[in-house]
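Going letter by letter, the sequence shown gives residues 774 to 1468 in the working numbering. Where is the CB? At the ideal position from N, CA and C, for every residue including glycine. Report on the following structure.
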Amino acid sequence: MEAKLHLPELFGSQVFNEWTMKERLSSASYGTWKKCVTEGTSLDISTANEIAEAMKQWAVEKGATHYTHWFQPMTGVTAEKHDSFISPAGGGKIIMEFSGKELVRGEPDASSFPSGGLRATFEARGYTAWDPTSFAFIKEDSLCIPTIFCSYSGHALDKKTPLLRSMDEVSRQAIRILRLFGDTETRRVTAQVGPEQEYFLIDKELFRQRKDLQMTGRTLFGAKPPRGQELEDHYFGAIKPRVAAYMKDLDETLWALGVLSKTKHNEVAPSQHEMAPIYSDANTACDHNQIAMEMMKKVADRHGLVCLLHEKPFAGVNGSGKHDNWSLSTDTGHNLFKPGSTPSQNARFLLFLAAFIKGVDDYQDFLRTTVATAGNDHRLGAQEAPPAVLSIFLGDELNAVVESIIHDTRYTDAEKKMLKVGVDVLPAIRQDNTDRNRTSPMAFTGNKFEFRMPGSSLSVSGPNIALNTIMAEELEQFADELEKAEDFQSALHQLVKRTLTEHQRIIFNGNGYDDAWLQEAEKRGLSNLKSAADALPAYIAPKNIQLFVKHGIYTEAEVRARYEIHVENYAAVISIEAKTMIDMIRHDILPAVSKYAADLCARADSKKQLDVPCAYEVNTARGVAKITDDLMEQCRVLASDLEDMPAGPEEAMRYCHDTLLPDMAEARDSVDVLEILTASEYWPMPVYSQLLFSV
Ligand code: ADP
Ligand code: MG
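See below:
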């Protein structure tokens, strides 16, 4: 019998969360842990031992046999090194052991993870250290302990360390501002993040017949299907039983792991879906998004499906993004991006809004680099994704407020007075009015910003580290100025007015997909970094390095190391795609179309002997044979260009973009025409209509 699911019991059942700690730890140890989390104090070894013992007992009761430090190296995915709890106890017996030392610190071999040169310059080894602000959990019989990952010289080798640093820094600067508004209570301001995750589901059997999907995560070939997303019946449409079963399983799997998976609906493209969690602190949200991506793939496997997280698995069909919803909230329960109802709350809101607008304008190039990957290049700037130009959408009402502050004019026709920051209340800003524009890369959606540029496979750490740090910088500048002011109210009004005036160019409420906007953006002097190869150099622009060094998020060496990893990754991805393409053309496509043409010729021959018309066979064979020869040549050029890849990483990146991608595009065009000309039974792999409509 199928037991009825008790959601409250299921939720978090695989997580060593605060409740479980309260239940299983002495009150002294629980108190020490809590203090460590809220005040950033460290754990003494006896507390660590007690927590480790309780964690182990809990995990063993749940059937766990191993433990692992679970961390996020700069590859952007997670890494684990499993050790079993067992320890020999004499007489051929074992006991289950796990100490505070093993909980708090681990030593994976750092040399197998990318370090972007930090390894060469510094120590080869690295260590992992427990992040007590993120709960341990059980996954596949292993107790997973979220950790940071550093080199022995203290350089961050992961994505969690700088995220935690940036969260501390934005909190510190935000509190300075809050104090100016007379808030004496807030102890911590926390970046809140809700990452919406898009993905495709396709049939596993079909996936197995596509080398490109297996090797690169996307289709390197494929003519447009006769039916794409034109019918628009997929979006929010009825969910098919197989997908529904998958989503149910996914939700339950994620709930057990404490992930607040909430919505499920179909996306615009056929076979495309979305999972949105309820938002949480940025650290947990990033961990949970990693868990979610991993589970989406594993659960799919159980259902005979494959989950594709690539940004653009299918050309000509909508790509997948990861909308990063971001806001700041106080430990006293206030969202600092929520327009308030009193003049003071409004003034505070306008200050945080102005800081955000200035930050996005000042660091638009850096924000662009945080989403710059080879995969996302197929999506940004395409019809359904935000353009590569950063801008902020505020919505009509909030925009009217901004205009009114800038120009000292009335903000509605009905109101006679001007808007004075800190004195007046804002007109009500209706929530439903704010999110209609889906074309903006950074949209204000009532009480948060939605950064829509990140690609679906990206770790959300990068964008959130940037948002937190940029915000910290602007808030610091504001606090420096306002703390010195003699008249706070008028200094505040001047500051907000000046900031909005100077940075209004980044606000754009129109259609971001429109070509006219790109011209307008250029006039405004906004940067338009079209590809990752164009964008990545901004990662190490002096002003950007300075930002992160100043706030203690990265050392200069760490920034450069990360840059190098992104650059190398770009070239690596494109080389793999090029090699896969060559392989498929040579071994699958050319032989198939050659056979088809030969069979057509043979049939034409036999028809001719009987004096039967054979124009179809002859013409088709001619067409196929002509493009077959073109393709052979294009493939030769691609292979030879691939051999000439420059050795330097930056040169290689440029070369991939300027030489290999155009080669690949030409070859693809030929293959796609051949696919259309060739009889189905000859075509060596499943085509788009099969891949997209099979589930
Ligand atoms: P959509 O963007 O599809 O309209 P929603 O508005 O419901 O969806 O929210 C999208 C995501 O934003 C969800 O993950 C939600 O939890 C998250 N979110 C909502 N409020 C906030 C907030 N204040 N800070 C950060 N994320 C938030
Ligand atoms: Mg959204």
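| query | result |
| --- | --- |
| Coarse secondary structure for P1422, derived from DSSP in three states | helix |
| D1097 - containing beta strand (DSSP E), residue span | K1095 to T1103 |
| Ligand 1 heavy atom lying under 7 Å from the CB of A1055 | no |
| CB-CB length for Q1118 against T851, believed under 8 Å | In fact, because the Cβ distance is near 40 Å, the residues do not count as touching under 8 Å. |
| Whole alpha helix (DSSP H) elements within the region 930 to 969, 4-residue minimum | 933 to 953 |
| Reference L1240, options R952, D1135, I1280 and D1104, closest by Cα | D1135 |
| Beta strand (DSSP E) segment containing A1388, residue limits | It is not in any beta strand (DSSP E) - A1388 instead sits in the alpha helix (DSSP H) that spans A1388 to E1416. |
| Complete runs of the alpha helix (DSSP H) confined to the region 1098 to 1179 [at least 4 residues] | 1116 to 1135 and 1137 to 1142 |
| CB of F1222 within 8 Å of CB of F1129, strictly | yes |
| Beta-carbon proximity list for Y1455, same chain, < 6 Å, skipping 5 on both sides | A1365 and Y1369 |
| Span of the alpha helix (DSSP H) around S802 | S800 to E812 |
| Counted within 10 angstroms of its Cβ, other Cβ atoms place H1360 as buried (16 or more) or exposed | exposed |
| DSSP three-state assignment for K835, whether helix, strand or coil | coil |
| Member of G879, V877 and R898 whose CA lies at the smallest distance from the CA of F886 | R898 |
| Cβ neighbour criterion (16 or more within 10 Å) applied to A1388 | exposed |
| Check: W718 C-beta below 7 Å from any heavy atom of ligand 1 | This structure leaves residue 718 out entirely; the chain is present only between 774 and 1468. |
| D1205 - DSSP class collapsed to helix/strand/coil | Bear in mind that a pLDDT of 49 at D1205, under 50, signals an unreliable position, so the model cannot answer this. |
| Under the three-state DSSP convention, the category L1327 falls into | Looking at the sequence itself, residue 1327 is Tyr, so the reference to Leu does not match. Correct three-state label for Y1327: coil. |
| Environment of P919 [buried if 16+ CB atoms lie within 10 Å] | buried |
| Anticipated Cβ contact below 8 Å, Q970 with M1048, distance rounded | 5 Å |
| DSSP state of E1286 mapped onto helix, strand, coil | Looking at the sequence provided, one finds Tyr at residue 1286 rather than Glu. If DSSP states are grouped into helix, strand and coil, Y1286 belongs with coil. |
| Distance between beta carbons of I1165 and K1270, contact taken as under 8 Å | Actually they are not in contact, since the Cβ atoms of K1270 and I1165 sit about 17 Å apart, beyond 8 Å. |
| Boundaries of the beta strand (DSSP E) in which A902 is found, first to last residue | G899 to W903 |
| Simplified DSSP state of M1226, which is helix, strand or coil | coil |
| Pairwise C-alpha distance: M1069 and E1025 | 12 Å |
| C-alpha distance - R1335 paired with S888, whole-angstrom precision | 8 Å |
| Alpha-carbon spacing of L1248 relative to E880, whole angstroms | 38 Å |
| Limits of the unbroken alpha helix (DSSP H) element including Q787 | Neither: Q787 is in no alpha helix (DSSP H) and is coded neither H nor E. |
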